[in-house]
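Novice: Residue numbers (the working numbering), protein chains in the order written: chain A, 1 to 190; chain B, 191 to 380.
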DNA sequence: GTCTATAACTCGATAGAC
DNA sequence: GTCTATCGAGTTATAGAC
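1. Starting from the N-terminal side, write out each stretch of the beta strand (DSSP E) that is 3 residues or longer and does not extend beyond the segment 96 to 142 of chain A.
2. Find the nearest neighbour of residue 188(B) within the set 280(B), 249(B), 277(B), 278(B), judged by alpha-carbon distance.
3. Below 8 Å on the Cβ atoms is my contact criterion, and I expect residue 94(A) with residue 13(A) to pass it. Report the Cβ-Cβ distance as a whole number of Å.
4. Report yes or no: is there a C-beta of chain A within less than 8 Å of the C-beta of residue 392(B)?
5. Would you say the segment 124 to 142 of chain A touches the segment 335 to 352 of chain B, given that touching needs at least three Cβ pairs under 8 Å?
6. Counting Cβ pairs closer than 8 Å, one from the segment 288 to 304 of chain B and one from the segment 235 to 246 of chain B, do we hit at least three?
7. Can you name the start and end residues of the alpha helix (DSSP H) that residue 202(B) belongs to?
8. Span of the alpha helix (DSSP H) holding residue 68(A)?
9. Measuring only the C-alpha atoms, how far is residue 164(A) from residue 34(A)?
10. Compare the C-beta of residue 100(A) with all C-beta atoms of chain B and state if any pair is closer than 8 Å.
11. Is there contact between the segment 62 to 77 of chain A and the segment 120 to 137 of chain A, where contact requires at least three CB pairs shorter than 8 Å?
12. With DSSP collapsed to three states, give me the class of residue 91(A).
13. Between the alpha carbons of residue 216(B) and residue 292(B), how many angstroms are there, rounded?
14. Any beta-carbon of chain A closer than 8 Å to the one on residue 191(B)?
15. For residue 73(A), go through chain B and note every residue whose CB falls closer than 8 Å to its CB, in chain order.
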């Protein structure tokens, strides 16, 4: 299962054969079949696993490291930046990649992907909620949190295509500028 | 070739077999092989074709329909919105999808994907350049144009995952708010 | 529950006649 | 240049012994 998660991340779903999975897991085809009837089931299990991992792997480090909730957002994004660097752009956001690859092929997988996005966005929304009156009251915290995900996914995609952190950094910088303008506006209001 | 382009768009690269391609094209395996030795060659040809299509398909309609370069940006984004609706979220940005699916598998394809992104961003940058002093002078037009691509890709990804235009519309709305703030700042400066 | 062996099929790629 | 036929490898999935 962990082997499947790694391989889907590295090579994608279709490009990973069940043979690859059993080989990586040092198991046998029969054992895989015992736990998981089809490749689609394996994908669903992997997506469920990712949902459990988003807090300990992506969010918790940022929440522990940074008190200011508005700054914490950028610690989360910095995590993805580190991931890109550590893998030499070979791996970005596994959910984003699977999202576009799966498309309409497996509706149940698509739902689990949406659930993964919801979980991610939920944590970021918590930050914006916690920020309180640092943001103007009329700003939609949920929409803003989703926008952070939007920017992260688009930025990771381009960084991988170019093998360069420049598109990622420049996107984060513009997001930072936008949030700073919102904060400035909230301050001017008081 | 056109058949391959459609199928890579609909199902992705790995999920499309050369058999699918010859069937869609009503051709024979031998003919495909005559023009294109490998599946990777076919992918490169498709990506090259996309580079030619970005102006007539994506940009030209928006450039013809809208004079104001800052408004034109949103006509481009509206085109993607229409595409999502017309295909019931089955197809988004073909380059974005191929980008994440290919990853490191085919370096030459990765370069062509980056070239596609460059082309797209180039047209949007033209709009910002044309906007002149509607934007503050210190704003980096190239980075801002790339940010529009970032937002579009992230927004299309989520719209497809949720089968809903809401994440797309909300991202575009926030982008619109950001650009409006830049314009307001430029006006205040004069 | 885990192993070996393999069925049933599809894949990309190609040879050789026309 | 386009056809038919097919190779050999790799695919998902499974049966049946241990």
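Every residue gets a Cβ at the ideal spot worked out from N, C-alpha and C, and that includes glycine.
Specialist: Reading it off the structure:
1. Runs of the beta strand (DSSP E) spanning 3 or more residues and lying entirely within the segment 96 to 142 of chain A do not occur at all.
2. Residue 188(B) lies beyond the stretch modelled for chain B, which goes from 191 to 380, so this question has no answer here.
3. Cβ atoms of residue 94(A) and residue 13(A) stay farther apart than 8 Å, at about 10 Å.
4. For chain B, the structure presents residues 191 to 380; residue 392(B) sits outside this window and is missing.
5. Verdict: no, contact absent.
6. The way I'd put it, the segment 288 to 304 of chain B does touch the segment 235 to 246 of chain B; three or more beta-carbon pairs between them come closer than 8 Å.
7. Run containing residue 202(B): none; DSSP gives neither H nor E here.
8. Element bounds for residue 68(A): n/a, residue is neither H nor E.
9. Cα to Cα, the separation comes out at about 42 Å.
10. By the rule that beta-carbons nearer than 8 Å mark a contact, residue 100(A) touches chain B.
11. Here the segment 62 to 77 of chain A makes contact with the segment 120 to 137 of chain A; the two share three or more CB pairs at distances below 8 Å.
12. Residue state, collapsed to three classes: coil.
13. When rounded, the separation of the alpha-carbon atoms in residue 216(B) and residue 292(B) is 27 Å.
14. With 8 Å as the cut-off, residue 191(B) does not count as an interface residue toward chain A.
15. Residues of chain B passing the Cβ test: none, with the nearest at roughly 14 Å.
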